[in-house]
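Below: the structure, in structure tokens.
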Amino acid sequence: MQKVLQSSLFQFIIVLVLILSLVALGPQVKFLGSNVRLVYLHGAWVLTAEVAFLAAALTGLAALLARKPSLHTWSRALGLTGTLFWVTYLPLSLLAMQTNWNGLFLAEPRFRLALIFAVTAVLLQIGLWLFNLSWLTSTSNLVFFIAMRVAFSTTTNIMHPPPSPIFNSGDWRLISYFVGLNLLTWVAAWVVCLSLIKIISKNHP
């Protein structure tokens with residue numbers, strides 16, 4: 023396991039350096055200036071978490087229908103990956119708030135809900151790891167994602183105006199940049215997920 027962690031950590035650091043380098047080159051905007059780059063990173067990070075949660079839910083559903091142990095393992099690893107990125111997105115969100123708006127709006131509805139789901143996700147994944155029931159893990163990942171999407175779809179937007187300001191900006195340079203940043207964060211999540219697959223296979227065969 024130590025070799026797996028060391029190898030995965032090295033790969034993750036390499037990808038992280040590439041992500042931070044791309045963030046440093048991010049296009050500035052009129053009102054936020056260079057500080058908007060933190061918004062780009064925070065946006066890509068949380069979208070990566072959501073993609074991982076979605077993938078955990080879909081592979082969990084497929085595992086329940088096809089009854090394939092390998093798919094249960096993927097659902098478990100993707101759920102853990104989504105949780106990791108979701109929890110680490112929160113400090114990025116706070117940093118973006120402080121840097122761009124000179125204060126922390128902790129009562130902001132979406133941030134408050136994100137914090138609730140972060141705590142829920144951590145406790146859920148710990149419980150699922152301890153119980154080690156494949157069907158329960160896949161079912162829980164599916165229910166968790168559905169609950170999260172329903173909750174956020176009915177939450178008031180204050181500092182997160184819909185629809186996406188980036189994808190609706192009409193600026194293809196900005197859109198292309200943000201897509202590229204997301205792809206890199208997805209690679210980082212993929213590295214994490216693959217290392218978790220190996221760890222799960224050894225500890226929960």
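Numbering (this note's numbering), first residue to last: 23 to 227.
Think of the CB as a built atom: it goes at the ideal place given N, C-alpha and C, for glycine as much as any other residue.
This one's a predicted model, so the numbers in the text were calculated from it and none came from an experiment.
Do you know offhand how far G149's Cα is from D193's?
-> Near 44 angstroms, if we compare the C-alpha coordinates of D193 and G149.
Could you spell out the range, first to last residue, of the alpha helix (DSSP H) harbouring G149?
-> Here the alpha helix (DSSP H) through G149 covers P131 to F153.
W157: buried (16+ other C-beta within 10 angstroms of its C-beta) or exposed?
-> The residue is exposed, with fewer than 16 neighbouring Cβ atoms inside 10 Å.
Heavy atom of the ligand GDP within 8 angstroms of L150 beta-carbon | With respect to small molecules bound, the structure shown includes none, and the ligand GDP cannot be examined in it.
Mind reading off the beta-carbon distance from N57 to T121? Whole number of angstroms is fine, and I expect it under 8 angstroms.
-> Right, the Cβ-Cβ distance comes to about 5 angstroms (below 8 angstroms), so this counts as a contact.
Inter-residue Cα distance where the pair is L205 and A99 | Taking the straight line joining both Cα atoms gives about 19 angstroms.
Length of the line joining the Cα atoms of K229 and M119 | In the structure as shown, the chain starts at 23 and stops at 227, and residue 229 therefore has no counterpart that could be examined.
Going by C-alpha distance, which of L106, T159 and V165 is nearest A210?
-> The shortest Cα separation from A210 among L106, T159 and V165 belongs to L106.
How would you write the range of the alpha helix (DSSP H) that T176 sits in, first residue to last?
-> Counting along the chain, T176 falls outside any alpha helix (DSSP H), and DSSP gives it neither H nor E.
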